[in-house]
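Colleague: Residue numbers for the sequence shown follow the working numbering, beginning at 236 and rising by one. Following this message is one structure expressed as structure tokens.
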Amino acid sequence: MGIDLTTELTALRDRLLSAEAEHADLISRVRERHRASARNLVHYVALRGTDLRPLQEALSDAGLSSLGRMEAGVLGHVDAVLAAARALDGDPAPAPEDDALTSAEGRAILARNAASLLGPARDDRDARIMVTMPSEAATDPELVTRIAEAGMDLARVNCAHDDEQAWAAMIAAVRRCAGAGRPAPLVAMDLAGPKVRTGPIEPGPR
236 MGIDLTTELT
246 ALRDRLLSAE
256 AEHADLISRV
266 RERHRASARN
276 LVHYVALRGT
286 DLRPLQEALS
296 DAGLSSLGRM
306 EAGVLGHVDA
316 VLAAARALDG
326 DPAPAPEDDA
336 LTSAEGRAIL
346 ARNAASLLGP
356 ARDDRDARIM
366 VTMPSEAATD
376 PELVTRIAEA
386 GMDLARVNCA
396 HDDEQAWAAM
406 IAAVRRCAGA
416 GRPAPLVAMD
426 LAGPKVRTGP
436 IEPGPR
């Protein structure tokens, strides 16, 4: 017996909304300009916690989007696919969520946030290049200039090394790298201290 696309997509949509309701308090603490992104992140995590393979195969067989590239606007994408599935059955589409991001809106937010955090995109590549400033950068501004001219978009200052005077000198050198129609690279201060790089790990055999 085949999968009922409308039933499965509706159940998936309900799971996304349930996850949003479960995390409503956390979402409400996010700054308003980023709140839609926070909701979308909750939807995405809930989506990836679900085995979608049978549904994706059925969607592909029906000529519909298989939910493979929807990170930018999860709920809006599910709503659109659900509307298409219902149309195949001759049923009206459900009312979309008012605050659901469309894929286009999500991509625009991603581009805006990436530019704010990592600097403007270049014409010749989408990726940004981050370079950790060596200790020598504090006393050799020409080194920083050469690194910037080679394509650095973001200078990382590792606060686990050197001191405040050295960091200030590095930042000043980076700030002097503006030119050729581009602003100076942004500066990311990597604070010293413990880093949460992994989740809890069960002890292995001894």
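Here a beta-carbon is modelled for each residue, glycine too, at the ideal position from N, C-alpha and C.
Which residues share a DSSP beta bridge with residue 264?
Modeller: The sequence position of residue 264 within the sequence shown is 29, counting from 1. Beta-bridge pairing links residue 264 to no other residue.
Colleague: From residue 379 to residue 296, what does the alpha carbon distance come to, in whole angstroms?
Modeller: By 1-based counting over the sequence shown, the position of residue 379 is 144. By 1-based counting over the sequence shown, the position of residue 296 is 61. Rounded to whole angstroms, residue 379 to residue 296 spans 54 Å at the Cα level.
Colleague: Nearer than 7 Å: is that true of the beta carbon of residue 385 relative to any heavy atom of the ligand ADP?
Modeller: No copy of the ligand ADP appears in this structure; indeed no ligand is present at all.
Colleague: How would you call residue 257, buried or exposed, if buried means at least 16 neighbouring beta carbons within 10 angstroms?
Modeller: By 1-based counting over the sequence shown, the position of residue 257 is 22. Answer is exposed; the Cβ neighbour count stays below 16.
Colleague: List in chain order: all unbroken alpha helix (DSSP H) runs of 4+ residues lying wholly within the segment 338-415.
Modeller: 338-353, 376-384 and 399-410
Colleague: Roughly how many angstroms lie between the CA atoms of residue 446 and residue 434, to the nearest whole one?
Modeller: Any answer about residue 446 is impossible in this case: the structure gives the chain only from 236 up to 441.
Colleague: Which value, in whole angstroms, describes the spacing of the CA atoms of residue 401 and residue 373?
Modeller: What you label residue 401 is simply residue 166 of the sequence shown in a count that begins at 1. What you label residue 373 is simply residue 138 of the sequence shown in a count that begins at 1. Rounded to the nearest angstrom, the two C-alpha atoms are 5 Å apart.
Colleague: Output the boundary residues of the alpha helix (DSSP H) element that contains residue 423.
Modeller: Along the sequence shown, one-based indexing puts residue 423 at 188. No alpha helix (DSSP H) contains residue 423, which is instead part of the beta strand (DSSP E) from 421-425.
Colleague: Determine whether the beta carbon atoms of residue 307 and residue 277 lie at a separation below 8 Å.
Modeller: Reading the sequence shown from its first residue, position 72 is the one you call residue 307. Reading the sequence shown from its first residue, position 42 is the one you call residue 277. It is not a contact, given that the beta carbons lie outside the stated cut-off.
Colleague: For the alpha helix (DSSP H) that residue 249 lies in, which residues bound it at each end?
Modeller: Start at 1 with the first residue of the sequence shown, and residue 249 comes out as number 14. Its alpha helix (DSSP H) spans residues 240-257.
Colleague: So, using beta-carbon positions, are residue 244 and residue 320 closer together than 8 Å?
Modeller: As a first step, residue 244 must be located in the sequence shown, where it is residue number 9. As a first step, residue 320 must be located in the sequence shown, where it is residue number 85. A contact, by the Cβ cut-off of 8 Å.
Colleague: Taking the Cβ atom as the reference point for each residue, do residue 395 and residue 427 lie within a distance shorter than 8 Å?
Modeller: As a first step, residue 395 must be located in the sequence shown, where it is residue number 160. As a first step, residue 427 must be located in the sequence shown, where it is residue number 192. Yes; because the gap between Cβ atoms is below 8 Å, this pair is in contact.
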